[in-house]
């Protein structure tokens, strides 16, 4: 068995930051009241993280790139048929990739609808003034019902999958903390050095700037 760097530091920090933000988002939504101010801030943080992950999936370390773990029919067939190669499972397995991509998609939709929600009491998303009331109503309904339930369901499935793999003597948590996996077969190690970390920091700052700009769009005075 050889220790191979699979998860670069930016990917690991993204993973744990996103997990913490999602938990806090659920908690602040349930608490309500003044906690909703933090709910919005956390939503902007998740927006930033999701934008970063999109870019990092294109230019990040090898096993963080979407191309390395997209669950193609071939990869799924090999995995489900017990014929998976080392490259199929070194990073996200094909089923794990489906889970990751679904979670990112659902969270993106939840963030997007959150920008247009209105509780008709005290809190409204920053972009509600830019769209018709019907859009606000639809976004609010999705965000507070189906979107919320999907996020909670996917989080539960994620935790259950971690437990199931652990029972099969496969530890998914430690590699996401330390970055390395113990592998029998030789696979390409991911790039994880000072240069890639500086690149990730720059991308994160750029994503934060984009999120700030989007949020400020709703604060602009309407013309005409």
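Numbering (the numbering used here), first residue to last: 452 to 675.
All C-beta atoms in this analysis are idealised placements derived from N, C-alpha and C, irrespective of residue type, glycine included.
All of these numbers come straight from a predicted model, not from anything done at the bench.
Helix, strand or coil at residue i [DSSP, three-state]
{"i": "residue 506", "result": "helix"}
{"i": "residue 485", "result": "coil"}
{"i": "residue 668", "result": "helix"}
{"i": "residue 587", "result": "helix"}
{"i": "residue 623", "result": "coil"}
{"i": "residue 642", "result": "coil"}
{"i": "residue 516", "result": "coil"}
{"i": "residue 617", "result": "helix"}
{"i": "residue 534", "result": "coil"}
{"i": "residue 545", "result": "helix"}
{"i": "residue 521", "result": "coil"}
{"i": "residue 656", "result": "helix"}
{"i": "residue 637", "result": "coil"}
Local Cβ density within 10 Å of residue i, reported as buried at 16 or more and exposed below that
{"i": "residue 485", "result": "exposed"}
{"i": "residue 504", "result": "buried"}
{"i": "residue 539", "result": "buried"}
{"i": "residue 585", "result": "exposed"}
{"i": "residue 519", "result": "buried"}
{"i": "residue 625", "result": "exposed"}
{"i": "residue 467", "result": "exposed"}
{"i": "residue 664", "result": "exposed"}
{"i": "residue 459", "result": "buried"}
{"i": "residue 604", "result": "exposed"}
{"i": "residue 610", "result": "exposed"}
{"i": "residue 608", "result": "exposed"}
Presumed contact (8 Å Cβ cut-off) between residue i and residue j, rounded CB distance
{"i": "residue 512", "j": "residue 631", "result": "Not really, about 12 Å apart at Cβ, beyond 8 Å."}
{"i": "residue 452", "j": "residue 635", "result": "6 Å"}
{"i": "residue 669", "j": "residue 581", "result": "6 Å"}
{"i": "residue 515", "j": "residue 641", "result": "7 Å"}
{"i": "residue 463", "j": "residue 628", "result": "7 Å"}
{"i": "residue 576", "j": "residue 589", "result": "Not confirmed; about 13 Å, so no contact."}
{"i": "residue 549", "j": "residue 522", "result": "5 Å"}
Those residues which DSSP pairs with residue i across a bridge
{"i": "residue 455", "result": "632"}
{"i": "residue 569", "result": "575"}
Contact between the segment 560-579 and the segment 538-552 (3+ Cβ pairs under 8 Å): no
Cβ contact check for the segment 496-510 and the segment 653-670: 3 or more pairs under 8 Å: yes
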